[in-house]
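Visitor: Handing you this structure, nothing more for now.
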Amino acid sequence: MRNPLPSLSRSIRRRAGGRDGARGQSLVELALALPIILLLTLIALDFGRVYLGYINLQNMARIGANYAANDPDAWGATPDTDAQTQYRNQILADAAATNCTLPQSGGQPVVPAPVFTDVTGDGNANGLGDVGTVRITCTFGVITPFISNILGGSVQVTAESNFAVKTGMSAVASGGGTPTGGSAPNAAFSANSTITPNSITVIGPVVDVEFRDTSGGNPTSWAWNFADGTTSNDQDPLQHTFTCAFSSCSYVVTMTATNILGSSMASMTVTVVGISDVNFTSDKQSGNAPLAVQFDDASTPGGTAWDWDFGDGDTGTGESVSHTYDTPGTYDVTLTVTYPDPIGQLSTTKVGYITAAVGMCTIPSLDGVRFNDAQGIWQGAPYNFTGIVIRGAGAPAGNFIITAQSLTGTDPAPCNSDVTVNRP
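The letter at position 415 of the sequence shown is residue 415 when you use the working numbering, and the numbering goes up by one with no holes.
Right, dumping it as structure tokens:
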């Protein structure tokens with residue numbers, strides 16, 4: 001007879017070898033996949049940076065085109081170098097804030113001048129109804145070697161924006177000479193690079209907002225009202241602080257631009273999102289079950305929905321709710337308040353907030369009562385026990401007359417108590 005042990009040993013070795021091989025193969029596959037995953041992550045990061053840069057670049061072009069459309073005379077027959085410098089500084093500041101590298105000339109960044117198109121066909125491209133266009137090209141660096149080998153170490157992105165000219169050329173006296181007409185300023189401004197009349201939302205409760213004048217018509221004075229009790233006469237209030245003590249606060253900021261020919265006003269709504277505090281109160285925190293409790297919201301104003309979790313499986317909605325705890329125990333209570341975006345839902349949980357204790361009831365005397373009637377007496381008024389009547393050991397079968405009970409009549413006992421009855 002052949003010995004089966006050698007064959008069994010070889011089988012065990014083959015299985016063990018198979019498991020080790022599978023583990024080794026998994027490690028090899030992980031080692032091969034890890035560089036690919038890392039490469040894909042870096043590629044996604046690069047493209048995300050470039051896309052964000054493009055969004056910011058579009059906003060830069062919009063601000064520049066809006067500025068040019070408000071003050072086309074700055075690039076007219078008699079250039080306004082101060083206005084052109086303000087335009088240039090705005091573009092340079094936005095480029096630095098977004099890591100945008102502008103084209104270089106002689107080691108200096110080149111800010112593209114606006115191009116005006118004679119839409120009205122009157123031979124003047126800077127007149128009312130014509131179009132001012134700003135086209136900006138930025139270079140963004142990449143960090144992924146794979147993309148660098150294909151596209152080079154940087155990616156060039158271009159954005160363009162068009163705005164209709166909003167003020168006409170100054171009138172000139174016949175036969176030459178000094179201007180005899182002109183126009184009042186066309187007030188406009190930006191807040192954190194957002195141009196009027198759009199609105200912005202910023203996260204508080206304390207936040208600084210950068211305001212810049214982008215008016216046309218060469219204003220000589222500016223009057224800002226921030227709708228929070230403060231004002232300014234600076235051309236560009238670069239750091240104004242808003243404070244919001246509520247879930248959100250709205251401020252209608254106005255700026256009046258004035259020159260010798262008149263004035264005009266622009267406005268923008270600035271919404272400051274405060275930090276909301278979720279809280280609640282109740283008329284009681286403990287008592288005997290069944291325990292009725294009134295809950296009231298005490299959160300920061302501004303909520304739009306209130307959801308309650310009473311900790312016993314029941315829920316409720318509303319700023320004020322009532323709930324009854326029927327079963328003795330200790331319960332956590334959670335309130336979730338929904339605020340307008342971007343805050344959303346905020347919650348608070350008070351652990352062990354409600355304690356429903358077992359009440360005390362008076363024991364009835366069941367002497368002379370038949371067994372089938374005892375349960376109704378035990379749980380009925382005025383005794384109101386929640387426990388049960390138990391047939392004692394050795395008690396007769398059927399509906400016997402009770403002559404003994406485990407708890408003494410007229411004594412107090414927890415309302416969830418049971419009682420054992422018998423007939424010795």
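Glycine included, C-beta positions come from ideal geometry on N, C-alpha and C.
#1: What separation, rounded to the nearest whole angstrom, lies between the Cα atoms of Ser-183 and Ser-250?
#2: Compare the Cα-Cα distances from Ile-401 to each of Ala-74, Thr-408, Thr-410, Arg-391 and report the closest residue.
#3: Within the chosen definition, does the segment 250–262 reach the segment 329–336 through at least 3 CB pairs nearer than 8 Å?
#4: Give the DSSP-derived three-state secondary structure of Ala-173 in the structure shown.
#5: Between the beta-carbon of Trp-308 and the beta-carbon of Leu-291, is there less than 7 Å?
#6: Sorted by chain position, which residues of the same chain lie with C-beta nearer than 8 Å to Asp-94's C-beta, five sequence neighbours on each side aside?
#7: DSSP state of Thr-271, grouped into three classes?
#8: Can you grab the Cα-Cα spacing for the pair Thr-410 / Ile-363, in whole Å?
#9: Express the C-alpha separation of Thr-408 and Ser-365 in angstroms, rounding to a whole number.
#10: So Val-202 packs on Val-272, CB below 8 Å; how close in whole Å?
#11: Along the chain, where does the beta strand (DSSP E) containing Asp-341 start, and where does it finish?
#12: To the nearest angstrom, how far is it from the Cα of Thr-196 to the Cα of Val-115?
#13: Taking the Cβ atom as the reference point for each residue, do Thr-231 and Trp-224 lie within a distance shorter than 7 Å?
#14: Run through DSSP, which three-state label would Leu-57 get?
#15: CB Trp-378 to CB Val-369, shorter than 7 Å?
#16: Considering only residues of the same chain and omitting the five flanking positions on each side of Thr-85, which have a CB-CB separation below 7 Å?
#17: Where does Leu-238 sit, in a helix, a strand or coil, going by DSSP?
#18: Relative to the C-alpha of Ser-417, which candidate in Gln-405, Ala-397, Thr-386 has its C-alpha closest?
#19: For Gln-156, which residues in the same chain have their Cβ closer than 7 Å to its Cβ, ignoring the five residues on either side in sequence?
#20: Hey, how far is the Cα of Pro-105 from the Cα of Leu-346?
#21: Report yes if the C-beta distance between Asn-126 and Gly-53 is below 7 Å; otherwise report no.
#22: Please classify Asp-418: does DSSP put it in a helix, a strand, or coil?
#23: Name the one or two DSSP bridge partners that Trp-75 has.
#24: Take Val-351 and list the residues in its own chain whose beta-carbon comes closer than 7 Å to its own, dropping the five residues that flank it on each side.
#25: Could you work out which residue in Ala-245, Gln-294, Thr-281 is closest to Pro-301 when comparing CA atoms only?
#26: Helix, strand or coil: how does DSSP classify Ala-289 here?
#27: Let me know the secondary structure DSSP gives Leu-8 once reduced to three states.
#28: If you run the structure through DSSP and keep just helix, strand and coil, what is Pro-425?
Guide: Looking at the coordinates:
#1: Those two C-alpha atoms are separated by around 33 Å.
#2: Cα-wise, what sits closest to Ile-401 is Arg-391.
#3: Fewer than three Cβ pairs drawn from the segment 250–262 and the segment 329–336 lie within less than 8 Å of each other, which leaves the two stretches out of contact.
#4: Confidence in Ala-173 is poor, its pLDDT being 35 and thus under 50, which makes the residue's placement too unreliable to answer from.
#5: No, these two residues do not count as a Cβ contact at 7 Å.
#6: A distance below 8 Å between beta-carbons, with the five flanking residues on each side excluded, links Asp-94 to the following residues of its chain, in chain order: Asn-56, Asn-59, Met-60, Ile-63, Cys-100, Ser-193.
#7: When DSSP states are grouped into helix, strand and coil, Thr-271 belongs to the strand group.
#8: About 5 Å.
#9: A straight line joining the alpha-carbon of Ser-365 with that of Thr-408 spans about 7 Å.
#10: About 6 Å separates the Cβ atoms of Val-202 and Val-272, confirming a contact at the 8 Å cut-off.
#11: Unbroken run through Asp-341: none, as it is neither H nor E.
#12: If you draw a straight line from the Cα of Thr-196 to the Cα of Val-115, it comes to about 22 Å.
#13: Contact flag set, yes.
#14: DSSP places Leu-57 in helix when its eight states are reduced to three.
#15: No, the Cβ-Cβ distance between Trp-378 and Val-369 is not below 7 Å.
#16: Result list for Thr-85: empty, nothing under 7 Å.
#17: It is coil, neither helix nor strand.
#18: The option with the nearest alpha carbon to Ser-417 is Thr-386.
#19: Once the five neighbours on either side are set aside, the close Cβ partners of Gln-156 are Thr-137, Thr-139.
#20: Looking at the sequence provided, one finds Ser at residue 105 rather than Pro. Answer to the nearest angstrom: the Cα atoms are 53 Å apart.
#21: Against a cut-off of 7 Å, the Cβ pair of Gly-53 and Asn-126 comes out as no contact.
#22: Asp-418: coil per DSSP, three-state reduction.
#23: Beta-bridge partners assigned by DSSP to Trp-75: none are found.
#24: Asp-332, listed in sequence order.
#25: It is Ala-245.
#26: In the structure shown, Ala-289 adopts coil according to DSSP, grouped into three states.
#27: Unreliable placement is indicated for Leu-8, whose pLDDT of 48 sits below 50; no coordinate value is reported for it.
#28: Since the first residue shown for the chain is 1 and the last is 424, residue 425 is missing from the structure and cannot be characterised.
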